[in-house]
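All remarks here apply to the structure that follows.
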Amino acid sequence: MNRTNLLHLLRLLRLVTVSLGTTACYSGISGYAPGFDNEASVGDADDQSDAQSPETPPIELECEDIGRQPMRRISSVQYEQILSDVLPASFVAAALEVSSFPRTNIEDGFSTYATANTVSTNESYAIEDTAQAIAQRFYELRAQSVPALLPCLPKAVGDAEIRACIEGFVDEFGARIFRRSLRPAERDIVLDLFESIRDSDSADLGLTAVLQYFLQAPALLYVTESSGEAEQVFVPLGADELAARLALLFTNSAPDAELMAAVSEGRLSTKEDVELQARRLVESPEAVRAFTQFHHEWLRGFALQNEDREHVLLDEASQAVLAGELKDFAAWLLTETDADFRTLMTTRSFSPRPELAPLYAAGADDAGAEPRTGLLSTAAAMSSLAHPNSTSLIERGAFIRNHVLCTPVPPLPPDIDVEGALEDYSDLPTARQRLEPLLSTPQCAGCHVALNPLGFPFEVYDWAGAFRATENGATIDTSAELELGSISGTFADAGELLEAIADTQQARRCYATHWFRYALGRPETPEDQCTLDLIDERFAASGGSVKELLIAIATSDAFRFRRTQESTE
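The opening position of the sequence shown corresponds to residue 7 in our numbering, with each subsequent residue numbered one higher.
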């Protein structure tokens, strides 16, 4: 078959898969989608193997309530990771090279949020284009890719051999990529698709059609959960749904072989079963994937991927390394340390990559230069919380207040003339001096007395994260006087402030809350208060172990159950 005819057939396959319901659920899905049954998974509702039987014992939650879980689409990072894990290793690079899967844009929260993964019409086309392009590449490389995808094939590959393998492939590949066994109706659709293409053309093209179907199916793209009785307010997740949640939380991917075995053997139904798998996964090499992604997003590392830093110590290569430094730190924390919260916030042992050595060496011998303290003082963190060519002590202070202490500032009053308030101070050498009126002007002070001082200690790090003792020839004053809950007193520099923050229940709870949001793909609700209290208690009892925090989240009511009805309060 020539390239023109192949492209024509692949476009026809797109129409076939759309007619089979493959892409009908893309557009408009955001949280609870109008016109879409959020309590039912894609497929025949009568085929739900995880439905709660009448003999199921009464549900016993540790808490009286949990928040409602929206249906969410997997992120672009998760999509690529799943492809990397389920496709043959020899074909992964070729597949990702032609992918145009829409990038997850984070405006607030994390890439796992349902609200970050809505799909416009153009993006639904991009999803279809990705499946088509990967299928086309697969067919072009079929001499190598078909045997790699179907390991049951003998050395001689023909239509009969592929047909003999297809049912096992559909069952095994489908279960992996859907994160559950195929429903009978879905299985029939896929096998009928294969047979129709095989009868009209060839088995290898039929296999290509099956692959294209899987790569754009809603059961891959969406985390759908439908086990249990809809009449109940709280429903325990089915084993395959728990496996999917665990895999996405710990590995950003589909369930591995052990999780799938636990599902099929009935070893993933109790809280103890979930804890056993969570402990295994948090110690697995794959755990570094989600662990690094969380910290990259929490510290807004994506800002470094979207903007070039204008700095004499940065070139294209070092900027690329800087953009990945938050992930480097998180990987080091998980694999080389005790991985506790205090280490995260206060360690002075992390070593950056050699490409960033000039950045870290800058100003190191200046009087007053201090050792870097924890993740927040890394070059990447300081750079991500700055403008491309200038620092922003307000932005850094706001981040610490909002994202490290979870104490949001009140909304801005209308008609504030900030430029007018600062006009007479614009020629002063340091940012602290230039912004001084914001602390005394009545209409500004209400917010800025709780923002600016949190940013003062970090002004010694410029917009690329390099240390500097002075700005415009004037010494930078890093001291800060704070009265912010448990953060109270005078702090000489960033190190002192971060040491104090690390010891507070407020910061520890805030960090745990961010992990809860990342794991569930949504903000917490009032109904989650009890769950968060228990998670924080277990986090504290562990001495601040981040691994134990993740296990506490995975075994929580909000993770293991779903709420089927809105709160009546």
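Built from N, CA and C at the ideal position, the CB exists for glycine as well.
All values reported here derive from a predicted model rather than from experimental measurement.
Between the region 498 to 509 and the region 361 to 381, the count of Cβ pairs shorter than 8 Å is three or higher; the stretches touch.
A straight-line Cα-Cα distance of about 31 Å links Arg-306 and Arg-569. The continuous beta strand (DSSP E) containing Val-241 extends over residues 240 to 242. In terms of Cβ geometry, Gln-218 and Ile-133 do not form a close pair [threshold 7 Å]. With contacts defined as CB atoms closer than 7 Å, Ala-345 and Lys-553 qualify as a contacting pair.
In terms of Cβ geometry, Ala-486 and Pro-459 form a close pair [threshold 7 Å].
Within the model, the alpha-carbon separation for Ser-151 versus Phe-220 is close to 16 Å.
Our two residues, Thr-537 and Thr-531, have alpha carbons roughly 10 Å apart in a direct line. Distance from the CA of Thr-230 to the CA of Asn-258, rounded to the nearest whole angstrom, comes to 16 Å. Within the region 174 to 224, the complete alpha helix (DSSP H) runs of at least 4 residues fall at 190 to 206, 209 to 221. The three-state secondary structure of Gly-495, taken from DSSP, is strand. In this structure, Ile-183 sits near Leu-226, with a CB-CB distance shorter than 7 Å. Looking only at Leu-287, Gly-369, Ser-390, the smallest Cα-Cα distance to His-302 is reached by Ser-390. Rounded to whole angstroms, the gap between the alpha carbons of Ala-267 and Leu-555 is 25 Å. In terms of Cα proximity to Trp-469, the closest of Asp-71, His-317, Ile-168, Leu-67 is His-317. Around the CB of Ala-323, fewer than 16 other CB atoms lie within 10 Å, so the residue is classed as exposed. Tyr-431 sits exposed, since fewer than 16 C-beta atoms from the chains shown fall within 10 Å of its C-beta. Inter-residue distance for Val-196 and Arg-169 is about 13 Å (C-alpha atoms, whole angstroms). Around the Cβ of Ser-202, a 10 Å sphere holds fewer than 16 other Cβ atoms; the residue is exposed.
Counting of Cβ neighbours within 10 angstroms places Pro-416 among the exposed residues, the total staying below 16.
The alpha-carbon of Asn-395 is positioned some 15 Å away from that of Arg-402. DSSP places Leu-102 in no beta strand (DSSP E) but in the uninterrupted alpha helix (DSSP H) bounded by 95 to 103. For Asp-314, the closest C-alpha among the options Leu-252, Thr-343, His-393, Leu-254 is that of His-393. For the alpha helix (DSSP H) assignment, the uninterrupted runs of no fewer than 4 residues enclosed by the region 254 to 302 are, from N- to C-terminal side, 263 to 270, 277 to 288. Under DSSP, Arg-568 forms a beta bridge with Val-241.
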